[in-house]
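Asks: For the sequence shown, my numbering assigns the number 14 to the initial residue and increments by one for each residue that follows.
Note that beta-carbon positions come from the ideal geometry of N, C-alpha and C, so glycine has one too.
One structure follows; several queries about it will come next.
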Amino acid sequence: MSHPTWREELRARGYRVTPQRQLVLEAVRELEHATPDAICTEVQKTAAGLNLSTVYRTLDVLEKVGLITHTHLGPGAPAYHLAEEADHLHVVCRDCGEVTDTALDFADSLVERLRRDIGFEADARHLTVVGRCRGCRSPAVDSETERGRLSGADIGADTA
């Protein structure tokens with residue numbers, strides 16, 4: 014049995030296939046981790062009359078149907094991506110804002126410990142880890158860390 018297309022998914026759930034839904038879904042696919050504002054800007058290149066409230070309503074429908082999902086990469090609006098590509102966790106640089114997708118198994122020990130110790134079943138696909146990317150880290154901190162001089166508390170300490 015083949016996987017139903019997005020059009021079939023919408024129809025099966027009682028929704029119509031509209032040009033707006035197609036444009037929003039295409040923008041989510043192209044932009045990855047896109048905010049509603051970014052999606053709206055992209056869609057308006059083709060459909061200038063489409064407004065932000067229509068984008069929000071369309072995102073809501075597409076998420077209810079299971080075609081897209083959202084995550085929070087920091088303060089502000091959520092970021093959307095295709096549900097079929099959601100099996101990853103997000104690593105976000107607090108300095109430059111770079112978003113990196115990484116394998117879910119990086120969070121396996123955390124997810125297992127939460128389940129075992131407090132009975133909490135975590136969905137790591139919604140996990141966002143904030144820190145500093147390789148390009149933004151201080152070379153001095155990197156060399157100290159490599160030599161083992163700094164403790165975990167020192168590395169995470171706010172220097173401001």
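#1: Within 8 Å, do at least three Cβ pairs link the segment 137-155 to the segment 98-110?
#2: How far does the alpha helix (DSSP H) with A51 in it reach, from first residue to last?
#3: For Q57, I'd like the list of residues in its chain whose CB is within less than 7 Å of its CB, leaving aside the five on either flank, ordered along the chain.
#4: Please classify H85 as buried or exposed, where buried requires at least 16 neighbouring CB atoms within 10 angstroms.
#5: Taking 9 Å as the threshold (beta carbon to beta carbon), is L75 in contact with chain C?
#6: Return the chain-ordered list of same chain residues with a C-beta closer than 6 Å to the C-beta of H94, the five sequence neighbours on each side being excluded.
#7: Counting only runs that start and end within the segment 116-152, where is the beta strand (DSSP E) found for 3 or more residues in a row?
#8: Entirely within the segment 19-103 and at least 4 residues each: give me those alpha helix (DSSP H) ranges in chain order.
#9: Roughly how many whole angstroms lie between the Cα atoms of A120 and A137?
Replies: Considering the structure as presented:
#1: yes
#2: 49-57
#3: L63
#4: exposed
#5: In the displayed structure, chain C is absent; only one protein chain is listed.
#6: E45, H46
#7: 141-144
#8: 19-25, 32-44, 49-57, 65-78
#9: 7 Å
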